[in-house]
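Under UniProt numbering, the first residue of the sequence shown carries the number 1, and numbering increases by one thereafter.
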Amino acid sequence: MVQKRVTVEVPEEIPMIQVLGVNDANLYKWEEEFPMVNFWVAGNEIFIQGPDVDLELAVRTVQTQFTKTNKIKRIIPDYGLQTNQRARLAPALSELPARAADARYRAVFVSREKVIRPQTEGQARYVNDINSHTITFGIGPAGTGKTYLAMARAVKALLEGEVTRLILTRPAVEAGETLGFLPGTLTDKIDPYLRPLYDALREMLDTGTISRMMSDGTIEVAALAYMRGRTLNGSFIILDEAQNTTSEQMKMFLTRLGFGSKMVVTGDITQIDLPSRQPSGLKQVSEILSDVPDITFSYLSAADVVRHSLVGEIINAYDTYESQTVLRSPQGLGRK
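(1) Buried or exposed for T231, going by 16 or more other Cβ atoms inside 10 Å?
(2) DSSP on F259, reduced to helix/strand/coil?
(3) Can you give the Cα-Cα distance for A222 and R170, rounded to whole angstroms?
(4) Would you kindly report the start and end of the unbroken beta strand (DSSP E) that includes E248?
(5) Indicate whether I295 and S280 have their beta-carbon atoms separated by less than 9 Å.
(6) Using the Cα positions of V264 and T64, report the straight-line distance between them to the nearest angstrom.
(7) For I315, does the count of other Cβ atoms within 10 angstroms reach 16, so buried, or fall short, so exposed?
(8) With a 10 Å radius around its C-beta and 16 neighbouring C-beta atoms as the bar for buried, classify L205 as buried or exposed.
(9) Give a yes or no on contact between the region 125 to 132 and the region 150 to 169, applying the rule of three or more CB pairs nearer than 8 Å.
(10) List the whole-angstrom C-beta distance separating G140 from D304, where the pair is believed to meet the contact cut-off of C-beta under 8 Å.
(11) Alpha carbon to alpha carbon, what distance is there between N244 and D319?
(12) Look at the alpha carbon of A42 and the alpha carbon of L166, and state the distance between them as a whole number of angstroms.
(13) Just the C-alpha distance for T120 and N131, rounded to the nearest angstrom, thanks.
(14) For the alpha helix (DSSP H) containing R5, list its first residue and its last residue.
(15) Rounded to whole angstroms, what's the CA-CA distance from R195 to E56? Just pull it up for me.
(16) Check whether the Cβ atoms of N38 and R117 sit closer than 9 Å, and answer yes or no.
(17) What did DSSP end up calling S298 once you bin it into helix, strand or coil?
(18) Does DSSP classify Q49 as helix, strand or coil?
(19) Alpha helix (DSSP H) containing A142: first to last residue?
(20) Taking all protein chains shown into account, do 16 or more other C-beta atoms lie within 10 angstroms of the C-beta of S276, making it buried, or fewer, making it exposed?
(21) Exposed or buried, which one is D216 when buried takes at least 16 other CB atoms within 10 Å?
(22) What does DSSP give as the partner residue(s) for L168 in the beta ladder?
(23) Rounded to the nearest angstrom, how far is the Cβ of S298 from that of G138, given a contact under 8 Å?
(24) Check whether the Cβ atoms of T218 and L158 lie closer than 9 Å to each other.
(25) Could you give the DSSP three-state label for T61: helix, strand or coil?
(26) Classify R256 as buried or exposed, calling it buried when 16 or more other Cβ atoms lie within 10 Å of its own Cβ.
(27) Exposed or buried, which one is V10 when buried takes at least 16 other CB atoms within 10 Å?
(28) Look up G43 in the DSSP assignment and say whether it is helix, strand or coil.
(29) Measure the alpha-carbon distance for Q284 versus E248 and round it to whole angstroms.
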């Protein structure tokens, strides 16, 4: 999906509250009006990103809002294109993909500066699986939004009171390194493995909120080993990089589930960093739990990559190369 981005600069003499509305009411309405478009706000600039036709209509809507605001000098709860403008643009509207009106594509999480929503059919299906199941496995290559969308849904659940805690965890395994040989304290050794989770969290919450919630235990970011022996009630729990769990670790993690909790397990089974003879718990679990009610497996592919367009091409090229290598070799590649 080709995405374009436009920056709309609101004149300095117009207060942003008059454009965005009280408590960002207009921003939320734009989100509902254009489910395929992302909006970000920074200072007096509104960044808008989306497919061509959607983007054009969204930009016109925003510009119409602050043009009217500038003329009448008051907060405008109303928004959008006038009836005659909509009639003129009806042919373009009729060409929008049917999924643009699909509720599955609505924003997963909205903050002051960021709107997070599914960008592909696979991502929309994944978010729907998270919403409708207690345990969801999100399996797919890098760049498909597995962890990011799960984090957004978890933060939303926390802020809206669906859960009382957010727990983020990863196994401390990476490309053959052993923690015992790394310098520093245990915390120093583990921190680099958890850094991607912190980075995603900072895109959704301000630093002060994160610090406060981590101090009082509302948000916990920890290595998988710290989950042992616990029962996690009323929590939204995310296990990232699950392809690097052993079967025993996966069982241990899943059995931490308590009342009122939800789990999302994410991983890429083509990027396993365990010792060569150690089977991945993520690869095994689909065979073990595929028929268990309220557990679902959501698979994403290169078509769901929302990073640079080359990332999807790279993934497809590697998949093709590896499948051909398996066919040429009697023993195949073994583990990926």
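Idealized CB from N, CA, C, for every residue including glycine.
In terms of the structure at hand:
(1) The sequence position of residue 231 within the sequence shown is 231, counting from 1. When all chains shown are included, T231 counts as exposed.
(2) Here the question's residue 259 lines up with position 259 in the sequence shown. Three-state DSSP puts F259 in coil, outside helix and strand.
(3) The sequence position of residue 222 within the sequence shown is 222, counting from 1. The sequence position of residue 170 within the sequence shown is 170, counting from 1. So the two alpha carbons sit approximately 7 Å from each other.
(4) To locate residue 248, count along the sequence shown from 1; it is residue 248. Membership of E248 in any beta strand (DSSP E) is not indicated; the residue belongs instead to the alpha helix (DSSP H) covering S247 to L254.
(5) Sequence index remark: in the sequence shown, residue 295 carries index 295 (1-based). Sequence index remark: in the sequence shown, residue 280 carries index 280 (1-based). No, they are not a contact pair.
(6) On the sequence shown, position 264 is the one that residue 264 refers to. On the sequence shown, position 64 is the one that residue 64 refers to. V264 and T64 have their C-alpha atoms some 41 Å from each other.
(7) As a position in the sequence shown, residue 315 is number 315, starting the count at 1. Around the C-beta of I315, 16 or more other C-beta atoms lie within 10 Å, and the residue is accordingly described as buried.
(8) Working through the sequence shown from its first residue, we reach residue 205 at position 205. Looking at its Cβ environment, which holds 16 or more other Cβ atoms inside 10 Å, L205 is buried.
(9) The region 125 to 132 vs the region 150 to 169: in contact.
(10) Within the sequence shown, residue 140 is the residue found at index 140, counting from 1. Within the sequence shown, residue 304 is the residue found at index 304, counting from 1. Sure, about 6 Å apart at Cβ, within 8 Å.
(11) Here residue 319 corresponds to residue number 319 of the sequence shown, with the count starting at 1. Here residue 244 corresponds to residue number 244 of the sequence shown, with the count starting at 1. So the alpha carbons of these two residues sit roughly 20 Å apart.
(12) Mapped onto the sequence shown, residue 42 falls at position 42. Mapped onto the sequence shown, residue 166 falls at position 166. Answer to the nearest angstrom: the Cα atoms are 27 Å apart.
(13) On the sequence shown, position 120 is the one that residue 120 refers to. On the sequence shown, position 131 is the one that residue 131 refers to. Each residue's Cα considered, the two are about 17 Å apart.
(14) Taking the first residue of the sequence shown as 1, we reach residue 5 at position 5. It is not in any alpha helix (DSSP H) - R5 instead sits in the beta strand (DSSP E) that spans K4 to E9.
(15) Within the sequence shown, numbered from 1, the residue matching residue 195 stands at position 195. Within the sequence shown, numbered from 1, the residue matching residue 56 stands at position 56. Looking at the two C-alpha atoms, the distance is approximately 37 Å.
(16) Here residue 38 refers to the residue found at position 38 when the sequence shown is read from its first residue. Here residue 117 refers to the residue found at position 117 when the sequence shown is read from its first residue. The answer is yes: Cβ separation under 9 Å.
(17) Translated into the one-based positions of the sequence shown, residue 298 becomes position 298. In this structure, S298 counts as strand in the three-state DSSP scheme.
(18) Position 49 of the sequence shown, counted from the start, is the residue given in the question as residue 49. Under the three-state reduction of DSSP, Q49 is assigned to strand.
(19) Residue 142 sits at position 142 when you count from the first residue of the sequence shown. Unbroken run through A142: none, as it is neither H nor E.
(20) The residue given as residue 276 occupies position 276 in the sequence shown. By the 16-neighbour rule on beta-carbons within 10 angstroms, S276 is exposed.
(21) Here the question's residue 216 lines up with position 216 in the sequence shown. It is exposed - the Cβ of D216 has fewer than 16 other Cβ atoms within 10 Å.
(22) Locating residue 168 in the sequence shown gives position 168, counting from the first residue. Paired residue(s): V221 and I238.
(23) Here the question's residue 298 lines up with position 298 in the sequence shown. Here the question's residue 138 lines up with position 138 in the sequence shown. Taking 8 Å as the upper bound for CB-CB distance, S298 and G138 are in contact here, some 5 Å apart.
(24) Working through the sequence shown from its first residue, we reach residue 218 at position 218. Working through the sequence shown from its first residue, we reach residue 158 at position 158. When the beta-carbon positions are compared, T218 and L158 come within less than 9 Å of each other.
(25) Residue 61 sits at position 61 when you count from the first residue of the sequence shown. Here DSSP, grouped into helix, strand and coil, assigns T61 to helix.
(26) Position 256 of the sequence shown, counted from the first residue, corresponds to residue 256. Per the 10 Å Cβ criterion, buried.
(27) Position 10 of the sequence shown, counted from the start, is the residue given in the question as residue 10. Buried is the label assigned to V10, since at least 16 other Cβ atoms lie within 10 Å of its Cβ.
(28) Counted from its first residue, the sequence shown places residue 43 at position 43. Coil at G43, not helix or strand.
(29) Here the question's residue 284 lines up with position 284 in the sequence shown. Here the question's residue 248 lines up with position 248 in the sequence shown. So the two alpha carbons sit approximately 11 Å from each other.
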